[in-house]
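Residue numbers (our numbering): 444 to 847. From the three backbone atoms N, C-alpha and C, an ideal C-beta is built for every residue, glycine too. Please read these numbers as outputs of a predicted model, since none were measured by experiment. One structure is given below, encoded as structure tokens.
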Amino acid sequence: MLKRVVLTKLLLFAVITMQSCLQSNIGVTPTDSDILQSPACATCHGSSENAAPPNDTQGRTDPSLISIGAHQAHLVEGPYRIALACNDCHLVPTSIDAVGHIDSDLPAEVIFGELANIRGANPEWNGNSCSDVYCHGSALSGGSNNTPVWNMVDGSQAACGTCHGLPPGPPHTTDTDCHTCHAEVVNDRNEIINKTLHINGEVNVTGGQTCTSCHGTMGVNNAPPFDTSGNTATSFRGVGAHQAHMNASISNNISCVECHLVPSQITDAGHIDTGLPAEISFGQLAKTGNQTPQWNNTTCANVYCHGSFSGGKDFEPNWTVVNGSQAACGTCHNRPPNTGRHNDDEHGGMPCSYCHGSGYSNTAVRVADHINGVKDVGGAGSRIQSWNAGTKSCDPTCHGSKRW
């Protein structure tokens, strides 16, 4: 009996309150059925334009009030986005007496919707500002204001550059021509041309971009300098010895695939969806001879291309040392190497060309087939008449057949 009395009083209070609200706002006296069925949202807050304040539930219109604040700034289309919906910040009731609607004290509860939670955001509302929300750049970098104050509505908190940097920070390139990669979103003057593709939970990448749009030099090659941050000094890891490999002096040029997974398109997994530095994924050359290449963010080790198997004096090169000292003859393997019969007395003082042919000497190599994964024995200019790679035996002019 007590429960019935309490419920009756609560219902009567709700009816009286709603009647007072309706009478004061629109000058009508509703019936109980009008109240308990589905009156328009704007009956209590908002206007004929939309249901969001102003007016708030007390008829106030001052945007400095938390109950009003930036409602209209969100619910109308902005310069950079389409209009947001009420359910991006609130649970929108299906009826006036839905749980959580008018059965609790003001202010209204903020229950963030899907948009605010995108890309791992963890949105929070402290009664005055929101933070860690996708829609204000929590998943991006370099923004000047990712925690906007709700009742500051002068437009400064939605200006370009507040949610993310111009451009965003690393791993984004320092290029400020957004149109190059985001042609469906902005024009060549960096003006938003399709608001449905901005603040939409995706990074829409299209356009005429090439590798050198973000790193490298157009007309030269795709490798730094420039790195994605615009650096050109080899002391930066993003630059380092890239060009020393791409323009090699003692071998054919080393291609990008020998150290990286080269994407077929800009949006491939592992390309621009992870932080810097770029991932190292060693190719076949580094693994030649059953090597197990390693990279510790400063040096590489156990790589065939730097001779880890044959006693060189510097076969763990530092990536940012590019003075030529780490690619000098004798750094990858001894002269002669510590393999086979190189150091037999009978071979002492013999030039490399006796076994490896023209172009090789104690100070020079034949670039075309050096560091190519194959031990080149014999050929023009050598004294080797025959070489059996399987048995590792040779038949030179200087002595009879021997196993190496």
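{"Query": "Exposed unless 16 or more other CB atoms sit within 10 angstroms - verdict on Ala832", "Result": "exposed"}
{"Query": "Below-8 Å beta-carbon distance, Gly521 vs any chain C residue", "Result": "Checking the listed chains, one finds no chain C in this structure; it contains a single protein chain."}
{"Query": "Which of helix, strand or coil DSSP assigns to Cys573", "Result": "strand"}
{"Query": "Beta-carbon proximity list for Ile511, same chain, < 7 Å, skipping 5 on both sides", "Result": "Pro496, Pro497, Asp499, Arg503, Thr504, Asp505"}
{"Query": "Helix, strand or coil at Arg447 [DSSP, three-state]", "Result": "Note that Arg447 scores a pLDDT of 39, beneath 50, so its modelled location is shaky; the value from the coordinates is reported in the next line. DSSP places Arg447 in helix when its eight states are reduced to three."}
{"Query": "Inter-stretch contact (C-beta, 8 Å, three-pair minimum) for the region 548-556 and the region 615-635", "Result": "no"}
{"Query": "Boundaries of the alpha helix (DSSP H) in which Asn831 is found, first to last residue", "Result": "No alpha helix (DSSP H) holds Asn831; the beta strand (DSSP E) holding it covers 827-831."}
{"Query": "Residues near Thr639 by beta carbon distance below 8 Å, same chain, minus five either side", "Result": "Ile525"}
{"Query": "Whole alpha helix (DSSP H) elements within the region 774-830, 4-residue minimum", "Result": "796-799"}
{"Query": "Bounding residues of the beta strand (DSSP E) (the contiguous stretch that carries Pro839)", "Result": "836-839"}
{"Query": "Neighbour-count burial assignment, Gln727, 16 or more Cβ in a 10 Å radius", "Result": "exposed"}
{"Query": "Glu701 in three-state terms, based on DSSP", "Result": "helix"}
{"Query": "C-beta contact flag for Thr677 and Thr742 at 8 Å", "Result": "no"}
{"Query": "Simplified DSSP state of Arg846, which is helix, strand or coil", "Result": "strand"}
{"Query": "Status (buried if at least 16 other CB within 10 Å, exposed otherwise) for Arg562", "Result": "exposed"}
{"Query": "Touch test, the region 668-677 against the region 608-620, Cβ-Cβ under 8 Å, three pairs minimum", "Result": "yes"}
{"Query": "Start-to-end residues for the alpha helix (DSSP H) that takes in Glu557", "Result": "557-560"}
{"Query": "Cβ-based neighbour list, Ser801, same chain, cut-off 6 Å, excluding 5 preceding and 5 following", "Result": "Ala823, Gly824"}
{"Query": "Supposed close pair Ala551, His579 - CB separation, criterion 8 Å", "Result": "The Cβ separation is near 20 Å, so there is no contact."}
{"Query": "At least three beta-carbon pairs within less than 8 Å, the region 787-800 to the region 814-821", "Result": "yes"}
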